[in-house]
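Visitor: In our numbering, the protein residues as written are 875 to 1622.
A virtual CB, placed ideally from N, CA and C, is assigned to each residue, including glycine.
Remember, predicted model here, so these are calculated numbers, not experimental data.
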Amino acid sequence: MKKLVVLLVTVVLWGCASMNESEVRQARIDNTVRQMVAQMTLEEKVGQMTQLTLEQFAKSGQDGYLILDEQKLRDGIVNRHLGSILNCGGQARTVQNWQEIITKIQDVATKETRLKIPVIYGIDTIHGANYVLGATLFPQEIAMAATGNVLLMEKAGEIAALETRAAGIPWNFSPVLDLARQPMWPRVFETFGEDPYLASAMGAAYIRGQQGDDISNPIKVATCMKHYLGYSWPQSGRDRTPAYIPDRQLREWFLKPFAAAVKAGAVTCMVNSSEINGIPVHASKFYLTDLLRGELGFDGFIVSDWADIENLYTREMVAKDRREAVKMAVLAGIDMSMVPYDYSFYDTLVQLVKDGEVPMRRIDEAVNDILRVKYRLGLFGNPYPTENLAYSVGSEGSRQVNLQAAQEALTLLKNDGDLLPLAKGRKVLVTGPCANKLSVLNSGWTITWQGDREDLYPQEKYTILEAIQEKLGQENVTYVDAVAFDKELDIAKAVAAAASVDAIIVCLGEPPYCETPGNIEDLTLSEPQLKLVKALVKAGKPLVLVLVEGRPRVIRTIVDDAKAILMAYLPGLEGGRAVADVLFGDANPSGKLPFTYPKYPGGFVWYDHKPSEEKGGNKYDPQWEFGHGLSYSKFVYHGLQTDRSDMTADDTLTVTVQVTNISDRPGKETVQLYLSDLVASVTPPVKVLKRFEKVEVPPKDTKTVRFALGWDDLAFIGRDNKPVVEPGEFKVQVAQMSVRFTAREARK
Ligand code: BGC
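Put into structure tokens, the structure is as follows:
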């Protein structure tokens, strides 16, 4: 036996000679993990595959300070070999409370168990470490996508990682890589919008920021790409309901951000709670194993979503009982079950293996992948929180980055007669249900799951109203609480107040929500809000709308009533300030819509629609297009050209374009490059985003932007569901300009 070990080690080390440093590290980890798995009992292995929620181990602390029930904790970790715990036990906790919780958990795991395997603790750090009190809470993903600023996304990812790890938590259930193709879906705000390229670029940047080069770095976390796959296109618009997605669409849209995330090194993956074409993804070997592992090359571990193995027999009805559900999910490729309340998965899976219905080989694979991540995170070396990282949570530097992110996200949709920015010396009326609350600026995944506990928000932060008051002086700001989201309060009072001001700022939008509770029946903005605008416009004063919403609520009937419309999305804890900065000219808006803003509550047509959708009697008529967003600067595009008029598979096509800022204001502009394949064997979309870059252009200055396109960029998913480039004519489009080039077969 000894000889065998020596031989194995020699073989591994010999193999290492031709590897780089990180490959050597990985080979060592793989070797150690293999040895560890070989020592484990069946029960120890299945324990590693089990994840329970923190509530199960809480003695007290639904409100405030959480105290663990040590007996329950011991029972879980020592007797059931529990490998993972998640969530926050109801609400955000102080960093000190987190450190105590994690320390206690790891004490039990590493001091009281036979193999001393640390627990991997996972949490939803969705827009910053939202379950750590005092953390930097960024704009939600949808707004980060609007910034078009990949470096800023990476930086935000870094800060969120640091503040999560400060709590002692090394695993983050983020980024969401679902595409917002169904505007009613209540999780639109958690996504990077409708476009696969934008989501891929932003997702990869986030992963780089969170993981760095080495996730054992104590300020980094393991990311979890979710919710694989096709979750965001429910036909009904309601959360966790069926999607029907042809393979071509699946690959053209939904798969791409996950492929990019695998490439960027995402180490874990969470599964779509629902189904595609009648197959729950939790029960699909094709999606989980063949496609994700086989084709995309994912080599981390796959965790179920909340109770979703149970759901296979209680909700989806593809299994007759728990036993069948557990077997189905594990054989499909789920490595860890977010059970989350009991040991039913553990007991059932142990029995299934004993009965020979799930092979030990499959269990070993799963445990192997889980332990590899634990090793890569450095948890075996040190599973404990780094105490003094607590001081870096919510630093002034991070707040500045957050403010910049919120400012850059804000998207100016309309600005007739250059109404904005408003002069600071004027009197304004501020009204609308989003004017004076912090919760509406943050929504779900903020301090609590639903993000609706206004009383728990940090009161030193500014609502939109407070930020405007600070800027203009209280005496120049009249506030009327005229409507709630779903009822009128005092519209007449707001109308009366409008008579004595110079401009009206109406903050409209959505109450906080998250997941299924955020389902809606109608995409149209609520009636009382529309009514408020209709009443106010009669005052004859310039009217500005600020939209505080996680998905594009239809506002067609009031668009003409407003001279200016600013889309704020869910801009985070600095959102109030950012909105005031933009309204009064202390910041110049540079956001671009990451989705098509629909004009009507049905019949959605995306920016990358097919030619037939705008021909004949059909009209492409969104309220605002994907990529739209104005600035206080005036940018003029010119000089679009390619360095060649044709290309083959071996060539790179370089596209250059100039952007001149002809105004007196410095500004930032996201330059977007779209490509159209003019004729193809599968109806080609009218245009597809292929590149973007955000540039800062000083007044009266010009920036040249250069993009390189390769052969793969010309590909679409062909009739055989594989990527293909067909020779022929293509059109490159930037702003209103376009140039054509030809793709040719390689020269023989
Ligand atoms: C959500 C996931 C989340 C998980 C754990 C689920 O309900 O769908 O996005 O990561 O809960 O909180």
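#1: Near T1390, what residues of its chain come up, given a Cβ to Cβ distance below 8 Å and the 5 sequence neighbours on each side ignored?
#2: Under 6 Å Cβ to Cβ from I979, same chain only, skipping five residues before and after it: list those, please.
#3: How long is the line joining the alpha carbons of R1235 and V1247, rounded to whole angstroms?
#4: Do V969 and A1034 come within 7 Å of each other at the CB atom, strictly closer than that value?
#5: Just checking my contact of T1090 with G1252 at CB under 8 Å: how many whole Å lie between their CB atoms?
#6: Would you mind giving the Cβ-Cβ distance between E1384 and E1423, rounded to the nearest angstrom? I have them listed as a contact below 8 Å.
#7: Counting C-beta neighbours from all protein chains within 10 Å, is the total for D1455 16 or more, i.e. buried, or is it exposed?
#8: Given R1430, which residues of its chain have a CB within under 6 Å of its CB, disregarding the five upstream and five downstream residues?
#9: Per DSSP, what kind of secondary structure is L1162 in: helix, strand or coil?
#10: Do the segment 1489-1503 and the segment 1081-1098 meet, that is, are 3 or more Cβ pairs less than 8 Å apart?
#11: Enumerate in chain order the residues of its own chain whose CB-to-CB distance from Y1249 is below 7 Å, with the five nearest sequence positions on each side excluded.
#12: I'd like the list of long-range same chain contacts for I1000, defined as Cβ closer than 6 Å, with 5 residues on each side in sequence excluded.
#13: Measure the beta-carbon distance from H955 to G996 and round it to whole angstroms, keeping in mind my assumption that it falls under 8 Å.
#14: Taking a contact to mean a Cβ-Cβ separation below 7 Å, would you say M1212 touches Q925 in this structure?
#15: Please report the distance separating the alpha-carbon of K1228 from that of G950.
#16: Compute the beta-carbon to beta-carbon distance between A1019 and F1063, rounded to the nearest angstrom, for a pair I have assumed lies under 8 Å.
#17: Based on Cα-Cα distance, which residue from K990, E1190, V1608, K1577 lies nearest to P1154?
#18: Just the C-alpha distance for R1618 and S1486, rounded to the nearest angstrom, thanks.
#19: If you draw a straight line from the C-alpha of T1097 to the C-alpha of W1480, how long is it?
#20: Hey, would you say the C-beta of W1059 is under 6 Å away from at least one heavy atom of ligand 1?
#21: Would you tell me roughly how many angstroms separate the C-alpha atoms of E1408 and P1295, rounded to the nearest one?
#22: Buried or exposed: P1044, going by 16 or more other Cβ atoms within 10 Å of its Cβ?
#23: Leaving out five residues before and five after A1240 in sequence, what residues of the same chain have Cβ atoms less than 6 Å from its Cβ?
#24: Is DSSP giving P1131 helix, strand or coil here?
#25: Should I1439 be labelled buried (16 or more other beta-carbon atoms within 10 Å of its own) or exposed?
#26: Could you give the first and the last residue of the continuous beta strand (DSSP E) run that contains M1441?
#27: Give the range of the alpha helix (DSSP H) segment to which V898 is assigned.
#28: Ordered along the chain, which non-local residues of its own chain (more than five positions away) have a Cβ less than 7 Å from that of A1157?
#29: If I follow the unbroken beta strand (DSSP E) through K919, where does it start and stop?
#30: Going by C-alpha to C-alpha distance, which of N1262, L1504, D1216, L1419 sits closest to Q973?
#31: In the DSSP assignment, the beta strand (DSSP E) including T1272 goes from what residue to what residue?
#32: Using the Cβ count rule (16 or more neighbours within 10 Å means buried), how would you classify E1068?
#33: Compare the Cα-Cα distances from V1453 to each of L1419, V1428, T1470, R1425 and report the closest residue.
#34: Output the distance between the C-alpha atoms of S1269 and D1434, rounded to the nearest integer angstrom.
#35: How would you write the range of the alpha helix (DSSP H) that E1015 sits in, first residue to last?
#36: Output needed for M875: all residues of its chain with C-beta closer than 6 Å, excluding positions within five of it in sequence on either side, in chain order.
Guide: Quick look at the numbers:
#1: Translated into the one-based positions of the sequence shown, residue 1390 becomes position 516. P1060, R1112, D1113, R1114, listed in sequence order.
#2: Position 105 of the sequence shown, counting from 1, holds the residue named residue 979. V993.
#3: Looking up residue 1235 in the sequence shown gives position 361. Looking up residue 1247 in the sequence shown gives position 373. C-alpha separation (whole angstroms): 19 Å.
#4: Counting from one through the sequence shown, the residue named residue 1034 turns up at place 160. Counting from one through the sequence shown, the residue named residue 969 turns up at place 95. No, these two residues do not count as a Cβ contact at 7 Å.
#5: Indexing the sequence shown from 1 puts residue 1090 at position 216. Indexing the sequence shown from 1 puts residue 1252 at position 378. At residue 1090 the sequence reads Ser, which differs from the Thr that was named. Yes, S1090 and G1252 are in contact; Cβ-Cβ is about 3 Å, under 8 Å.
#6: Residue mapping note: residue 1384 aligns to position 510 of the sequence shown, counting from 1. Residue mapping note: residue 1423 aligns to position 549 of the sequence shown, counting from 1. Correct: roughly 5 Å between the Cβ atoms.
#7: Reading the sequence shown from its first residue, position 581 is the one you call residue 1455. Buried is the call here.
#8: Numbered from 1 along the sequence shown, position 556 holds the residue referred to as residue 1430. The answer, listed in chain order, is K1473.
#9: Sequence index remark: in the sequence shown, residue 1162 carries index 288 (1-based). Correct three-state label for L1162: helix.
#10: no
#11: On the sequence shown, residue 1249 is found 375 positions in, with the first residue counted as 1. Within the same chain, Y1249 has close Cβ partners I903, T906, V907.
#12: As a first step, residue 1000 is located in the sequence shown; it is residue number 126 there, counting from the start. Excluding sequence neighbours, I1000 sits near S1048, W1319.
#13: Taking the first residue of the sequence shown as 1, we reach residue 955 at position 81. Taking the first residue of the sequence shown as 1, we reach residue 996 at position 122. Actually they are not in contact, since the Cβ atoms of H955 and G996 sit about 17 Å apart, beyond 8 Å.
#14: Within the sequence shown, numbered from 1, the residue matching residue 1212 stands at position 338. Within the sequence shown, numbered from 1, the residue matching residue 925 stands at position 51. Yes, the Cβ-Cβ distance between M1212 and Q925 is below 7 Å.
#15: Walking along the sequence shown from the start, residue 1228 turns up at place 354. Walking along the sequence shown from the start, residue 950 turns up at place 76. Cα to Cα, K1228 sits roughly 21 Å from G950.
#16: As a working mapping, residue 1019 is identified with position 145 in the sequence shown. As a working mapping, residue 1063 is identified with position 189 in the sequence shown. With a Cβ gap of about 10 Å, A1019 and F1063 do not count as contacting.
#17: As a position in the sequence shown, residue 1154 is number 280, starting the count at 1. Comparing Cα positions, the closest option is E1190.
#18: Counting from 1 along the sequence shown, the entry for residue 1618 is found at position 744. Counting from 1 along the sequence shown, the entry for residue 1486 is found at position 612. Looking at the two C-alpha atoms, the distance is approximately 26 Å.
#19: Looking up residue 1097 in the sequence shown gives position 223. Looking up residue 1480 in the sequence shown gives position 606. Going by the C-alpha atoms only, they are around 29 Å apart.
#20: The residue given as residue 1059 occupies position 185 in the sequence shown. Result no, Cβ not under 6 Å from ligand 1.
#21: By 1-based counting over the sequence shown, the position of residue 1408 is 534. By 1-based counting over the sequence shown, the position of residue 1295 is 421. First, the amino acid is wrong: residue 1408 is Lys here, not Glu. So the alpha carbons of these two residues sit roughly 23 Å apart.
#22: If you number the sequence shown from 1, residue 1044 lands on position 170. Burial call: buried.
#23: Position 366 of the sequence shown holds residue 1240. M923, D1209, listed in sequence order.
#24: For the purposes of this step, residue 1131 is taken as the residue at position 257 of the sequence shown. Of the three classes helix, strand and coil, the one that applies to P1131 here is helix, per DSSP.
#25: On the sequence shown, position 565 is the one that residue 1439 refers to. Looking at its Cβ environment, which holds 16 or more other Cβ atoms inside 10 Å, I1439 is buried.
#26: Residue 1441 sits at position 567 when you count from the first residue of the sequence shown. Residues 1438-1441.
#27: What you label residue 898 is simply residue 24 of the sequence shown in a count that begins at 1. Segment 895-913, the alpha helix (DSSP H) holding V898.
#28: Translated into the one-based positions of the sequence shown, residue 1157 becomes position 283. These residues qualify, in order along the chain: L1186, V1192, M1202, A1203, A1206.
#29: Position 45 of the sequence shown, counted from the first residue, corresponds to residue 919. Taken as a continuous stretch (DSSP letters only), K919 belongs to no beta strand (DSSP E), being part of the alpha helix (DSSP H) at 916-922.
#30: To locate residue 973, count along the sequence shown from 1; it is residue 99. Comparing Cα positions, the closest option is N1262.
#31: The residue labelled residue 1272 in the question sits at position 398 within the sequence shown. It is Ser, not Thr, that sits at residue 1272 in the sequence shown. Not the beta strand (DSSP E): S1272 falls in the alpha helix (DSSP H), residues 1270-1283.
#32: Translated into positions along the sequence shown, residue 1068 becomes position 194. Buried: at least 16 other Cβ atoms inside 10 Å.
#33: Translated into positions along the sequence shown, residue 1453 becomes position 579. Out of L1419, V1428, T1470, R1425, L1419 has the C-alpha closest to the C-alpha of V1453.
#34: Position 395 of the sequence shown, counted from the first residue, corresponds to residue 1269. Position 560 of the sequence shown, counted from the first residue, corresponds to residue 1434. Distance between the alpha carbons of S1269 and D1434: 42 Å.
#35: Sequence index remark: in the sequence shown, residue 1015 carries index 141 (1-based). Run containing E1015: 1015-1021, per the alpha helix (DSSP H) assignment.
#36: Position 1 of the sequence shown, counting from 1, holds the residue named residue 875. Because M875 sits at a pLDDT of 46, beneath the cut-off of 50, its placement in the model cannot be relied upon, and the following sentence gives the value as read from the coordinates. There are no such residues.
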